[in-house]
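Asker:
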Amino acid sequence: MIVGCPKEIKPQEGRVGLLPFGVAELVRNKHTVLIQKNAGLAAGATDEQYRAAGAQIVENAEEIYARSDLIVKSCAFFDLCCDNVLPPPTVWPPRKAIENRAVHKVKEPLPCEFVHIRSGQVVFTYFHFPSDRQLTEAMLQCEAVCIAYDTVEDSHGRLPLLEPMSEVAGRLAVQEGMHFLSYHKGGKGVLLGGVPGVSHGKVLVIGGGVVGLNAAKTAAGVGATVVILDKNLERLRFIDDILPRNCTTRYSSEVALMEELPTADLVIGAVLLPGRLTPKVLRRVHLQQMKRGSVIVDVAVDNGGCCETSRPTSHDDPTYTVDGILHYSVANMPGAVPVTATAALTSATLPHILQLANLGWKDACAQSAPLLKGLTIAQGKVLHRGVAETFNLTLFSFNELTPEHSVPVIDA
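Sequential numbering from 834 applies to the sequence shown in the working numbering.
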């Protein structure tokens, strides 16, 4: 199979879909790898390193899309205008074994990339479908095979392809929140770690999953007072056991939220329902309980956001203010640290990329329950319950689409 990795076109996105060690592994498995010129520079990978690993360097993204069976990207499609970045193709090369054509990305495709995705191509990336009707409709219309990083799930209920970026985003949430608490950035002028004789700042983390745990660890490490809200008592017990004494856990409820918000300097939204829109647990009325200049970092914004007043922003213009509360809601936070983020992501995705490249999507999904969980759209049909319910679409099963494969029914 030919595996292609184009350069990201989303503003301030430094990640890349494959690092040289991933290229070397694919080449060892008899696959051809195409890398767009300078695609990995921000992530610390030069064209020379890719060549040494066995890749071919390609000048432009259009050629990557035209020649590749499997495209590896690090940034999802998003809704900024990108005219003239990828001109529509004129004549495509003959297509053989279309079921083996795959597009592998990190983030969902841009509207200007939709035209390059054809029937039967496999797109392997972070999709966050429930928050993007345009993307969902485009993938259905072009009959792509969409396997979402964000819903690939192992037998323990973990999301192994989402976890690395959740770890990065959770730690960055505190870093960015601390920065924007500065008075000159519009914040209330609080140092989270405090100094001797002065109270420490307080961080309220809503959600105790991977993002929330990493945010709490980071905030505790700088000396802040940390409160974590979650509805899973077993998770709260686990967090309580491993975090230091400046961290407190509480069962998440309206009462708990109203009691904690007035003293919180930084609120981190870390709520996740895989494959579904994030519930709005922090509503506008709650902002009235917070002190002016406090900061909200909504890490869940790429899945709709857990704060009613959140809207996606960019690294160029990351914040805005509502009712005196500073909001930070950058949808691709890990893109700010591409060296770390790309290394973590490639390590997690490479085994699944190899499965798709070696077997094709049908056999790979039939043999891999995690990949089958991630299979969201195929042949113009929705296979994930959360996406189907979000947009009121008919839900199909893998067995209905591929009668030659019989797999246990998985309720995605």
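Glycine is no exception: its CB is placed at the ideal position from the N, C-alpha and C atoms.
1. Alpha carbon to alpha carbon, how far is L1110 from G887?
2. DSSP three-state label for K870, please.
3. CB G1126 to CB G1019, shorter than 9 Å?
4. In terms of residues, what are the limits of the alpha helix (DSSP H) holding A1089?
5. Helix, strand or coil: which one does DSSP assign to R1068?
6. Is it true that the stretch 1020–1040 meets the stretch 969–984, where meeting means three or more beta-carbon pairs spaced less than 8 Å apart?
7. So A872 packs on K843, CB below 8 Å; how close in whole Å?
8. Taking 6 Å as the limit between beta carbons, can you name the residues of its chain near L1037, skipping five residues before and five after?
9. Looking only at its own chain, which residues have a Cβ that is under 7 Å from the Cβ of D1073, when we skip the five neighbours before and after it?
10. For V1031, count neighbouring Cβ atoms within 10 angstroms of its own Cβ and tell me buried if that reaches 16, exposed if not.
11. So, for L1192: in the same chain, excluding its five sequence neighbours on each side, which residues have a beta-carbon less than 6 Å away from its beta-carbon?
12. What do you get for L1189, buried or exposed, if any count of 16 or more other CB atoms within 10 angstroms of its CB means buried?
13. Could you have a look at C1139 and say whether DSSP puts it in helix, strand or coil?
14. So what does DSSP say about R1109, is it helix, strand or coil?
15. Give me the Cα-Cα distance between L1159 and P1151, rounded to the nearest whole angstrom.
16. Quick one: does M1011 have its CB under 9 Å from some CB of chain D?
17. Have a look at L973, C1140 and P1107 and flag the residue whose alpha-carbon is nearest the alpha-carbon of L1090.
18. Can you tell me whether DSSP reads C908 as helix, strand or coil?
19. Round the Cβ separation of F960 and L968 to the nearest angstrom and send it over; I've been treating them as touching at under 8 Å.
20. By the DSSP assignment, the alpha helix (DSSP H) with K1035 in it spans what residues?
21. Taking the continuous beta strand (DSSP E) assigned at D1063, which residues delimit it?
22. Which class does L851 belong to by DSSP, given the choice of helix, strand or coil?
23. Between the C-alpha atoms of F1231 and A1197, what's the straight-line distance to the nearest angstrom?
24. Using the Cα positions of C908 and N1165, report the straight-line distance between them to the nearest angstrom.
25. In chain order, what residues of the same chain have a beta carbon less than 6 Å from the beta carbon of R1116, not counting five sequence neighbours either side?
26. What are the start and end residues of the alpha helix (DSSP H) that includes H1160?
27. Given that a residue counts as buried once 16 or more other Cβ atoms are within 10 Å of its Cβ, and exposed if not, what is E1233?
28. What does the alpha-carbon distance come out to for the pair V1088 and G1010?
29. Which one or two residues does DSSP pair with A1211 in a beta bridge?
30. Just to confirm, is the Cβ distance from P993 to P1167 under 9 Å?
31. Within its chain, find whatever has a CB closer than 7 Å to the CB of K1214; leave out the 5 residues flanking it on each side and keep chain order.
32. Classify S1246: buried if its beta carbon has 16 or more other beta carbons within 10 angstroms, exposed otherwise.
33. What does a CB cutoff of less than 6 Å around L1178 pick up in its chain, not counting 5 residues either side in sequence?
34. According to DSSP, is T879 part of a helix, a strand, or is it coil?
35. Can you check which of these residues, I835, A876 and Q845, is closest to P853 by C-alpha distance?
36. Which residue comes first and which comes last in the alpha helix (DSSP H) that contains T1182?
Answerer: Checking against the coordinates, here is how it stands:
1. Here residue 1110 is taken as the residue at index 277 of the sequence shown, counted from 1. Here residue 887 is taken as the residue at index 54 of the sequence shown, counted from 1. If you take the alpha carbons of L1110 and G887, they lie about 41 Å apart.
2. Reading the sequence shown from its first residue, position 37 is the one you call residue 870. DSSP places K870 in coil when its eight states are reduced to three.
3. Against the sequence shown, residue 1126 aligns to sequence position 293. Against the sequence shown, residue 1019 aligns to sequence position 186. Going by C-beta atoms, G1126 is nearer than 9 Å to G1019.
4. The count along the sequence shown starts at 1 and reaches residue 1089 at position 256. Element bounds for A1089: E1087 to E1093.
5. The residue labelled residue 1068 in the question sits at position 235 within the sequence shown. Reduced to three states, the DSSP call for R1068 is helix.
6. no
7. The residue given as residue 872 occupies position 39 in the sequence shown. The residue given as residue 843 occupies position 10 in the sequence shown. Going by Cβ atoms, the distance from A872 to K843 rounds to 13 Å, so no, they are not a contact pair.
8. Numbered from its first residue, the sequence shown carries residue 1037 at position 204. Here the set comprises V1060, E1093, A1097 and V1100.
9. Residue mapping note: residue 1073 aligns to position 240 of the sequence shown, counting from 1. Hits under 7 Å: T1082.
10. Position 198 of the sequence shown, counted from the first residue, corresponds to residue 1031. With fewer than 16 other CB atoms across the displayed protein chains lying within 10 angstroms of its CB, V1031 is exposed.
11. Sequence index remark: in the sequence shown, residue 1192 carries index 359 (1-based). Result list for L1192: empty, nothing under 6 Å.
12. Position 356 of the sequence shown holds residue 1189. It is buried - the Cβ of L1189 has at least 16 other Cβ atoms within 10 Å.
13. Along the sequence shown, read from residue 1 onward, the residue named residue 1139 stands at position 306. Residue state, collapsed to three classes: coil.
14. The residue you call residue 1109 lines up with position 276 of the sequence shown. If DSSP states are grouped into helix, strand and coil, R1109 belongs with coil.
15. Counted from its first residue, the sequence shown places residue 1159 at position 326. Counted from its first residue, the sequence shown places residue 1151 at position 318. Going from the Cα of L1159 to the Cα of P1151 covers about 10 Å.
16. Looking for chain D here will not work: only one protein chain is present.
17. The residue given as residue 1090 occupies position 257 in the sequence shown. Of L973, C1140 and P1107, the residue nearest in Cα terms is C1140.
18. Position 75 of the sequence shown, counting from 1, holds the residue named residue 908. Coil at C908, not helix or strand.
19. Reading the sequence shown from its first residue, position 127 is the one you call residue 960. Reading the sequence shown from its first residue, position 135 is the one you call residue 968. Right, the Cβ-Cβ distance comes to about 7 Å (below 8 Å), so this counts as a contact.
20. As a position in the sequence shown, residue 1035 is number 202, starting the count at 1. Run containing K1035: none in the alpha helix (DSSP H); it sits in the beta strand (DSSP E), K1035 to I1039.
21. Here residue 1063 refers to the residue found at position 230 when the sequence shown is read from its first residue. Note, D1063: beta strand (DSSP E), T1058 to D1063.
22. Residue numbering aside, residue 851 sits at position 18 when the sequence shown is read from its first letter. L851 falls in the coil class under three-state DSSP.
23. Start at 1 with the first residue of the sequence shown, and residue 1231 comes out as number 398. Start at 1 with the first residue of the sequence shown, and residue 1197 comes out as number 364. When rounded, the distance between both Cα atoms is 12 Å.
24. For this step, residue 908 is matched to residue 75 along the sequence shown. For this step, residue 1165 is matched to residue 332 along the sequence shown. Each residue's Cα considered, the two are about 8 Å apart.
25. For the purposes of this step, residue 1116 is identified with residue 283 of the sequence shown, where counting begins at 1. Here R1116 has E1141 as same chain residues with Cβ atoms under 6 Å from its own Cβ, once five neighbours each way along the sequence are excluded.
26. Taking the sequence shown and counting its residues from 1, the one referred to as residue 1160 is at position 327. Unbroken run through H1160 is the beta strand (DSSP E), I1158 to Y1161; no alpha helix (DSSP H).
27. Here residue 1233 refers to the residue found at position 400 when the sequence shown is read from its first residue. Exposed, since its Cβ has fewer than 16 Cβ neighbours within 10 Å.
28. Residue numbering aside, residue 1088 sits at position 255 when the sequence shown is read from its first letter. Residue numbering aside, residue 1010 sits at position 177 when the sequence shown is read from its first letter. Roughly 24 Å between the two C-alpha positions.
29. Position 378 of the sequence shown, counted from the first residue, corresponds to residue 1211. DSSP, once it has assigned bridges, lists K1214 as partnering A1211.
30. In the sequence shown, counting from the first residue as 1, residue 993 sits at position 160. In the sequence shown, counting from the first residue as 1, residue 1167 sits at position 334. Annotated as distal: P993 and P1167, with beta-carbon spacing of 9 Å or more.
31. To locate residue 1214, count along the sequence shown from 1; it is residue 381. Here the set comprises F1229 and L1234.
32. There is no way to answer for residue 1246, as the model of the chain reaches only from 834 to 1245.
33. Looking up residue 1178 in the sequence shown gives position 345. Spatial neighbours of L1178 in its own chain (CB-CB distance under 6 Å, excluding positions within 5 residues in sequence) are listed in chain order as P997.
34. Locating residue 879 in the sequence shown gives position 46, counting from the first residue. In this structure, T879 counts as coil in the three-state DSSP scheme.
35. Locating residue 853 in the sequence shown gives position 20, counting from the first residue. Nearest C-alpha to P853: A876.
36. Within the sequence shown, numbered from 1, the residue matching residue 1182 stands at position 349. Segment P1171 to L1192, the alpha helix (DSSP H) holding T1182.
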